Amino acid sequence: MDLGIRGKKAIVCASSKGLGKGCAMALAEAGVDLVVNGRNAGLLAKTAAEIREKFSVKVIEVAGDVSKPEVQKAILAACPDPDILVNNNGGPPLRDFRELDRAKILEGVTQNMVTPIELIQAVIDGMAKRGFGRIVNITSLSVYVPIPGLDLSSGARAGLTSFLAGVARTVIDHNVTINSLLPGKLDTDRLRGPHEAGTPEDPAAAAARKARISADVPAKRLGTPEEFGQICAFLCSVHAGYLTGQNIPVDGGLYVSAF
């Protein structure tokens with residue numbers, strides 16, 4: 215399917231690896247020029263080079279923590295009039311809520327709620343004026359199914375979900391949509407656990423780990439960043455202009471609900 219977005223410009227946050235990279239790759243495949251971002255400058259440069267080589271689109275790298283105002287400023291300077299914004303950021307580590315002090319709580323809310331709101335504030339009016347905009351927020355299935363120990367992540371992302379539910383309805387008449395993707399168990403570093411960057415995983419151990427983690431998933435497998443990215447790209451396409459304010463689980467059927 216031609217997504218109808220060739221030549222458009224996208225900001226994809228936290229896109230040096232994992233789900234963000236999957237989204238950046240899928241948008242590049244559709245012919246979209248990119249601003250990519252990540253905290254590890256070396257890894258980000260490697261990802262940007264891979265995208266340029268494979269898809270021959272323009273890719274600008276902005277390294278740094280997207281929650282920092284100066285990094286946001288640099289991203290927006292690199293792409294002041296984006297057609298597409300994909301919000302993404304790492305979540306707080308697994309931690310008993312009793313261990314959270316005020317500073318940790320505020321940091322988590324800043325990373326996973328305040329930061330995407332700030333970026334949306336910066337780009338949404340320009341999108342509306344130009345008559346096209348697609349905003350996709352990568353949140354988590356924990357918005358629907360809270361996970362003990364990830365309470366801060368769940369709370370911040372649920373707050374973002376509720377905040378944007380109303381905002382989404384104010385710009386759809388200008389062909390600007392806001393939707394969220396809720397990843398379940400996808401095959402990223404976060405599910406692999408602590409390891410040295412670039413360390414290969416023993417194939418047998420990897421297969422056993424994936425089988426164990428996906429045992430309760432109806433699809434009986436982990437999702438991939440590549441297929442997640444293709445769903446994101448569709449939400450950014452011209453074909454998704456009548457879809458807004460929605461929260462779409464990408465979880466292989468793990469979240470059980472008829473409605």
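Its first residue numbered 215, the sequence shown is counted upward by one per residue in my numbering. Note that beta-carbon positions come from the ideal geometry of N, C-alpha and C, so glycine has one too. Predicted, not measured: the structure shown is a model, and the values here were computed from it.
- Shown here, Thr391 sits in a strand according to DSSP, grouped into three states.
- Taken atom to atom, the span from the alpha-carbon of Val276 to that of Arg423 is near 34 Å.
- The bridge partners DSSP lists for Gly437 are Leu400.
- By the criterion of at least three beta-carbon pairs nearer than 8 Å, the stretch 308-325 is not in contact with the stretch 344-355.
- Per DSSP, Arg348 is one residue of the beta strand (DSSP E) stretching across 347-352.
- For Ala317 and Ser281, the gap between their C-alpha atoms comes out near 15 Å.
- Here the stretch 291-308 lies against the stretch 223-243, with 3 or more beta-carbon pairs under 8 Å apart.
- By the CB criterion at 8 Å, Leu248 and Ala255 fall outside the cutoff.
- Of the candidates Pro306, Pro397, Arg371, Pro306 places its Cα closest to the Cα of Gly363.
- Restricting attention to Leu400, Val250, Glu415, Phe473, the CA atom closest to the CA of Ser354 is found in Leu400.
- Between the alpha carbons of Leu378 and Pro439 lies a gap of roughly 24 Å.
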